[in-house]
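> Can you keep this structure in mind? I'll have questions shortly.
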Ligand code: SF4
């Protein structure tokens with residue numbers, strides 16, 4: 157018997173390829189300048205097609221979503237048609253006024269990234285001086301404005317030793333969730349394959365994550381959700397087995413928009429295209 161189709165619980169929409177940062181692992185290989193592939197009307201058409209199919213969480217991502225002047229309009233539109241908009245951002249252009257406007261437009265949450273527990277390590281990985289301080293600033297503003305935020309971390313051989321410190325910092329900052337990813341060598345990440353974990357290192361990282369998750373249960377202020385655990389190199393942790401939504405690819409779809417198209421993928425880290433969005 158044919159299995160019923162699983163509709164996505166989360167969709168990510170890459171609305172721009174522009175970003176002022178130059179992170180070493182950037183999946184999108186974002187650059188500072190360039191034209192956005194889809195105009196406002198095309199973005200809205202894609203959002204409508206998605207909302208007609210399912211009312212899922214919609215991650216505005218890129219590049220840096222705040223580089224688009226129509227971001228407030230797109231957030232408001234997505235909320236008005238029943239999607240649940242959130243944003244992955246480096247903090248650029250996110251002053252108090254912008255955050256209030258996003259909140260009024262219906263944005264539910266931000267994800268900010270921390271790839272180190274201090275400015276030196278984070279800024280080096282992001283290849284942008286001041287990136288860590290920017291996250292500290294927008295975290296403070298998000299709390300003042302009253303928008304939920306989570307902290308994402310890409311784990312590599314560079315920062316694995318600091319994993320527990322980064323998790324502790326996320327809790328201290330008041331994040332609703334700490335969301336560790338494992339480096340996937342796509343985009344600019346292809347050039348840093350040497351920072352990938354070997355299978356035995358991977359196992360150790362997952363065991364440490366499982367331990368952190370267990371301890372986090374005593375501190376419900378911040379959840380821990382491992383997000384990307386490519387199955388070919390690692391066994392699933394007990395946590396992953398209990399929650400099938402944890403490993404990458406399940407219940408997720410990803411819209412990438414090169415050259416006025418809207419490719420649909422199972423994950424931003426998977427090259428194969430699964431379909432084409434309606435625009
Ligand atoms: S902040 Fe995000 S989009 Fe910008 S360069 Fe870094 S990983 Fe890429």
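In this note's numbering, the protein residues as written are 157 to 435. For glycine and all other residues, C-beta sits at the position ideal for the given N, C-alpha and C.
1) Pair every Cβ in the segment 173-189 with every Cβ in the segment 215-227, then say whether three or more of these pairs are closer than 8 Å.
2) Go to residue 322, then tell me how far its alpha helix (DSSP H) extends in each direction, as first and last residue.
3) According to DSSP, is residue 342 part of a helix, a strand, or is it coil?
4) Taking the alpha carbon of residue 353 as the point to measure from, which residue in 276, 338 and 346 has its own alpha carbon closest?
5) Among the residues of its own chain, which have a CB less than 8 Å from the CB of residue 283, if the five just before and after it don't count?
6) Taking 7 Å as the cut-off, does the CB of residue 177 come closer than this to any heavy atom belonging to the ligand SF4?
7) Taking Cβ positions, are residue 304 and residue 332 nearer each other than 8 Å?
8) Assuming residue 371 is part of the beta strand (DSSP E), what are its boundary residues?
9) I'd like the span of the alpha helix (DSSP H) that includes residue 301, first residue to last.
10) Between residue 273 and residue 213, how many whole angstroms is the CB-CB distance? I'm expecting something under 8 Å.
11) Could you please give me the residues that DSSP links to residue 241 through a beta bridge?
12) May I ask you to list the residues that DSSP assigns as paired with residue 306?
13) Give the secondary structure of residue 352 by DSSP, where H, G and I count as helix, E and B as strand, and everything else as coil.
14) Cβ atoms of residue 344 and residue 185: under 8 Å apart, would you say?
15) Any heavy atom of the ligand SF4 within a distance shorter than 7 Å of the CB on residue 366?
16) Return the CA-CA distance between residue 362 and residue 197, expressed in angstroms with no decimal places.
17) Kindly identify the DSSP beta-bridge partner or partners of residue 174.
18) Work out the CA separation of residue 420 and residue 161 for me, nearest whole Å.
19) Using the three-state DSSP reduction, which class does residue 199 fall into: helix, strand or coil?
20) Any heavy atom of the ligand SF4 closer than 7 Å to the Cβ of residue 219?
21) Going straight from the alpha carbon of residue 170 to that of residue 317, what length do you get?
22) Roughly how many angstroms lie between the CA atoms of residue 209 and residue 236, to the nearest whole one?
23) Is any heavy atom of the ligand SF4 found at a distance shorter than 7 Å from the C-beta of residue 224?
24) Can the beta-carbon of residue 336 be found closer than 8 Å to that of residue 365?
25) At the level of alpha carbons, what is the spacing between residue 233 and residue 307?
26) Quick check on residue 162: does DSSP put it in helix, strand or coil?
According to the data block:
1) With a cut-off of 8 Å, the segment 215-227 and the segment 173-189 count as touching, because enough Cβ pairs lie within range.
2) Start and end: 319-329.
3) It is coil, neither helix nor strand.
4) Looking from the CA of residue 353, the closest CA among 276, 338 and 346 belongs to 338.
5) In its chain, beyond the 5 residues on either side, 177, 178, 179 and 180 have a beta carbon closer than 8 Å to the beta carbon of residue 283.
6) Flag set: Cβ of residue 177 near the ligand SF4.
7) The Cβ atoms of residue 304 and residue 332 lie closer than 8 Å to each other.
8) Segment 355-372 is the alpha helix (DSSP H) holding residue 371; no beta strand (DSSP E) there.
9) Counting along the chain, residue 301 sits inside the alpha helix (DSSP H) bounded by residues 287-301.
10) So it is not a contact: roughly 28 Å between Cβ atoms.
11) Per DSSP, 214.
12) Answer is 267.
13) DSSP places residue 352 in the coil class of the three-state scheme, outside both helix and strand.
14) Taking 8 Å as the Cβ cut-off, residue 185 and residue 344 qualify as a contacting pair.
15) False, no ligand heavy atom lies under 7 Å from that Cβ.
16) Distance from the CA of residue 362 to the CA of residue 197, rounded to the nearest whole angstrom, comes to 43 Å.
17) Per the DSSP secondary-structure output, residue 174 pairs in a beta bridge with 187.
18) Roughly 16 Å separates the two Cα atoms.
19) Helix, per DSSP.
20) Yes, Cβ of residue 219 sits closer than 7 Å to a heavy atom of the ligand SF4.
21) Straight-line spacing of the CA atoms in residue 170 and residue 317 works out to 31 Å.
22) Each residue's Cα considered, the two are about 15 Å apart.
23) Residue 224 Cβ: outside cutoff for every heavy atom of the ligand SF4.
24) Result yes, Cβ atoms of residue 336 and residue 365 sit closer than 8 Å.
25) Cα atoms of residue 233 and residue 307: separation of roughly 26 Å, rounded to the nearest angstrom.
26) Coil, per DSSP.
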